[in-house]
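Residue numbers 1 to 416, in the UniProt record's numbering, belong to the letters of the sequence shown in order.
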Amino acid sequence: MGYSGFKVIKEALFGHKGWTPAWRDPEPKTHYDVVIIGGGGHGLATAHYLAKVYGVRNVAVIEKGWIGGGNVGRNTTIIRSNYLLDGNEPFYEFSLKLWEGLEQDLNYNAMVSQRGIMNLIHSDAQRDAFIRRGNAMILNGADAEYLDEAQIRAEYPFLNFDDARFPIKGGLAQRRGGTVRHDAVAWGYARSADQHGVDIIQNCEVTGFRIEGGKCLGVETSKGFIGAGKVASCVAGSSGRLMAKANMRLPIESHVLQAFVSEGLKPVLPGVITFGAGHFYVSQSNKGGLVFGGDLDGYNSYAQRGNLPVVEDVCEGGMAIMPMIGRARLLRMWGGIMDMSMDGSPIIDRTHIDGLYFNGGWCYGGFKATPASGYVYAHLLANDAPHPTATAYRFNRFQTGDMIDEKGMGNQPNLH
Ligand SMILES: Cc1cc2nc3c(=O)[nH]c(=O)nc-3n(C[C@H](O)[C@H](O)[C@H](O)COP(=O)(O)OP(=O)(O)OC[C@H]3O[C@@H](n4cnc5c(N)ncnc54)[C@H](O)[C@@H]3O)c2cc1C
């Protein structure tokens, strides 16, 4: 079904009885050209670009739960491209450009809101580091702006500028960063992939791979065997568990990350604020809730819920930088499983098994990467060669030592 202003008005007048499901609910075929495992943002985006850009339409997305039930519907919705390293910045800037055209591409309102993101600076050394990062961003075609303390005071007067440990000395802004309604991203990609002929199979768990003579022939699932020319793993936090079924051990650990939302408030935050020194970041949703988060829970887990000491730690970070947050009541909190790679950067590559491909290691940053991750993974699946912006995301960097050790992403999960 096409969406238009006319359709919205017509449905409003006639009791909204004419809407049909946004995607089909097909039974799996016996064979596909490409089977994508995982119906999160990345899996669905991969299917969309494979079908729409690369013309590969005999594709299935196999999801063990429901579309949007994983991290794509659990994250704090922040998008940005403020990375330092050459391996990362062109990729994330490519992603931000895709976000800027996403709603037109999908004909779907994903509430892309470029309200800006601000990284706070607390010392002269940190100022140097952030200015270096801003210059790297500009050299890669992104936008970056240094703000001094007076400018931050004018934009964010409610922050605690005189904290004894972390006085605010300035900030690095990226005005094109912001937020996107996360579950609308999943729904928009799912709808578009379906319209291009992709089968989205929900409530179907991949339980194993059929590998013969070093070639992957398809996947064993809770709905039976599904044959495939190519199999593409895209299960984010479940990467280690899934790839173990192909006897692969990944340089990835799974950890819990929690997020929080307050009761709805009047508009108070103009954009996204990150307080990296205190492990706290916050934005305000379109419904008015303050959406915030902080550090990982710090132990390996596949549980989608966290523990109380981290709740205390995140709230302490919030109180330190923005004391007024103490007057807001907490509405909800939840957790998601993070696929933390050992250098903090993703892997998008072929595996040593013919016909088996891997996408994962997204750490904290996978939501903002969704469009580019889908695009470059589709490119890899269609051409068997990496997309120019993703040439660094290979498995073999852990052998050759060419780590993409981005500050703020960490070199091991418990130090992030
Ligand atoms: C609390 C929190 C806050 C975050 N905030 C941000 C943020 O502000 N900005 C940002 O850029 N990133 C953020 N992230 C990270 C981001 O959400 C993830 O990196 C990204 O969503 C992962 O990709 P995905 O959407 O494909 O994952 P998912 O949505 O988790 O998709 C993976 C899917 O695979 C399915 N699956 C797993 N195993 C199987 C199987 N065996 N068979 C079939 N299906 C299977 C799962 O059910 C799941 O639906 C945050 C994450 C969390 C948890």
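The beta-carbon is built from N, C-alpha and C at its ideal position, and this holds for glycine as well.
- The C-beta distance from G178 to I79 rounds to 6 Å, short enough to fall under 8 Å.
- According to the DSSP assignment, Q104 belongs to the alpha helix (DSSP H) that extends over L102 to L106.
- At least one heavy atom of ligand 1 is found less than 7 Å from the C-beta of C234.
- With a threshold of 7 Å, the Cβ atom of N75 counts as near ligand 1, since some heavy atom of the ligand is closer than that.
- V256 carries a strand assignment under DSSP once its states are collapsed to helix, strand and coil.
- Under the criterion of beta carbons closer than 8 Å, D349 and R394 qualify as touching, at roughly 5 Å.
- For F209 against L356, the beta-carbon gap comes to about 7 Å, under 8 Å, which counts as contact.
- One Cα belongs to E205, the other to K169, and the distance between them is close to 50 Å.
- Per DSSP, I404 lies in no beta strand (DSSP E) and is assigned neither H nor E.
- Proximity of the beta carbon of L257 to ligand 1 is indicated: a heavy atom of the ligand is located closer than 7 Å.
- Sequence-distant Cβ neighbours of I252 in its own chain, meaning closer than 7 Å and more than five residues away, are S239, G240, D339, M340, S341, G360 and G361.
- Of the heavy atoms belonging to ligand 1, none sits nearer than 7 Å to the Cβ of M243.
- The continuous beta strand (DSSP E) containing E220 extends over residues K215 to T221.
- In the DSSP assignment, the residues bridged to D339 are S254.
- By a beta-carbon distance limit of 8 Å, T46 does not contact A382. Their separation comes to about 10 Å.
- Here S262 carries a strand assignment [DSSP, helix/strand/coil].
- By the neighbour-count definition (other C-beta atoms within 10 Å, threshold 16), P371 is a buried residue.
- If the five residues before and after G87 are omitted, its C-beta is found closer than 6 Å to the C-beta atoms of A392 and I404, all from its own chain and listed in chain order.
- Between S95 and A369, the CB-CB gap stays under 8 Å.
- Comparing alpha carbon positions, the residue from G293, T274, K52 and M333 closest to N82 is T274.
- When the alpha-carbon of W66 is set against those of I201, S4 and M1, the nearest one is in I201.
- Taking 8 Å as the cut-off, the beta carbon of G218 is found no closer than this to the beta carbon of G224.
- Under the 10 Å beta carbon count, G271 is surrounded by 16 or more other beta carbons and is classified as buried.
- Out of D143, P157 and I37, the CA that lies nearest to the CA of M324 is found in P157.
- Between L265 and G288, the C-beta gap is smaller than 8 Å, which places the two residues in contact.
- If you ignore the 5 residues before and after L147, its C-beta comes within less than 8 Å of the C-beta of M118, E155, G170, G171, L172 and A173, all in its own chain and listed in chain order.
- Within the same chain, A51 and R57 come within 7 Å of G197 by CB-CB distance, once the 5 residues on both sides are set aside.
- When DSSP states are grouped into helix, strand and coil, T76 belongs to the coil group.
- A distance criterion of 7 Å places the beta-carbon of T274 beyond contact range of ligand 1, judged by its closest non-hydrogen atom.
- Judged by beta-carbon spacing, I62 lies beyond the 8 Å limit of T207, meaning their Cβ atoms are not closer than that value.
- Shortest gap from the CB of Y364 to any heavy atom of ligand 1: under 7 Å.
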